[in-house]
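Below you'll find the structure, written out as structure tokens, and then a few comments.
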Amino acid sequence: MPQVLIVDDDPDLLTVCRVGLGALGHAVRTAETAGDGLSETAITRPDVIVLDLGLPDLDGVEVCKRIRTWSDVPIVVLSADGTEDRKVEALEAGADDYITKPFGMRELNARLRVAIRHHVAAGPDESSAQLEVGQLSLDLVHYQASFGGKELELTPREFDFLAYLARHAGKVCTRRIGRKLGDERGLFLQSDPSVGYRLAPPGDGD
26 MPQVLIVDDD PDLLTVCRVG LGALGHAVRT AETAGDGLSE TAITRPDVIV LDLGLPDLDG
86 VEVCKRIRTW SDVPIVVLSA DGTEDRKVEA LEAGADDYIT KPFGMRELNA RLRVAIRHHV
146 AAGPDESSAQ LEVGQLSLDL VHYQASFGGK ELELTPREFD FLAYLARHAG KVCTRRIGRK
206 LGDERGLFLQ SDPSVGYRLA PPGDGD
């Protein structure tokens, strides 16, 4: 039975989708905020997400971008905004499909099944919402970082940069974050005088 997560702040729509999709053979979970939706995605690992763009705590496009940093779960946007610019923005952020409200339940069901089928054909999702590189730990869902067990105070931009470094440990990048890590000696964040900085691969600088 396909596992569907619906992220929308309209309780009536959630009820309609829960009943309608349930009758069509889906197991449905719901979330009314972006934060809850991100947590549900990480914890329950749904087969497909139905995502509204007008969420109260975070724009749906930003939700797409965050999910795409650690998961390739299919995302079908369900929005009242049918403008071309908004559709392009969502698709470029990682959405797989876009449906405008009002919608038909049979069409939604068909699009969800197509998205799931394409995802299965592409192979299993082996990504993770947690990144661990040596003493560095990153929670990609809640934008939380710690180093050596100590929580780091990072801006979203700094977090994204550090996550990028963690995914490419050992490769040279061109920006700096050593002070935040308390690693002024460069044991973990190594410098390349000609280019920039890189995270030491696990095992180096222990």
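Our numbering puts the first residue of the sequence shown at 26, with every later residue one more than the last.
Every residue gets a Cβ at the ideal spot worked out from N, C-alpha and C, and that includes glycine.
Between the Cα of residue i and those of the options, spot the shortest distance and give me the residue it belongs to.
i           : options               : result
residue 135 : 94, 75 and 38         : 75
residue 165 : 154, 84 and 54        : 154
residue 124 : 58, 77, 28 and 30     : 77
residue 128 : 86, 34, 175 and 38    : 38
residue 91  : 156, 102, 118 and 157 : 118
residue 70  : 96, 171, 87 and 60    : 96
residue 32  : 170, 114, 48 and 86   : 86
residue 36  : 188, 141 and 58       : 58
residue 181 : 163, 175, 122 and 112 : 163
residue 79  : 126, 179 and 42       : 126
residue 174 : 157, 65 and 48        : 157
residue 159 : 190, 65 and 67        : 190
residue 133 : 103, 121 and 120      : 103
residue 60  : 88, 131 and 48        : 88
Does DSSP put residue i in a helix, in a strand, or in coil?
i           : result
residue 87  : helix
residue 176 : strand
residue 61  : helix
residue 181 : helix
residue 79  : coil
residue 94  : coil
residue 49  : coil
residue 44  : helix
residue 39  : helix
Which term fits residue i, buried or exposed, when burial requires 16 or more other beta carbons within 10 angstroms of its beta carbon?
i           : result
residue 110 : exposed
residue 72  : buried
residue 44  : exposed
residue 81  : exposed
residue 51  : buried
residue 99  : buried
residue 54  : buried
residue 105 : exposed
residue 188 : buried
residue 145 : exposed
residue 140 : buried
Since residue i sits in a beta bridge, which residues does DSSP pair it with?
i           : result
residue 56  : 32
residue 74  : 30 and 100
residue 163 : 156 and 170
Quiz prompt | Runs of alpha helix (DSSP H) wholly within the segment 106-144 (minimum 4 residues, chain order) | solution = The segment 106-144 contains these whole alpha helix (DSSP H) runs: 109-117.
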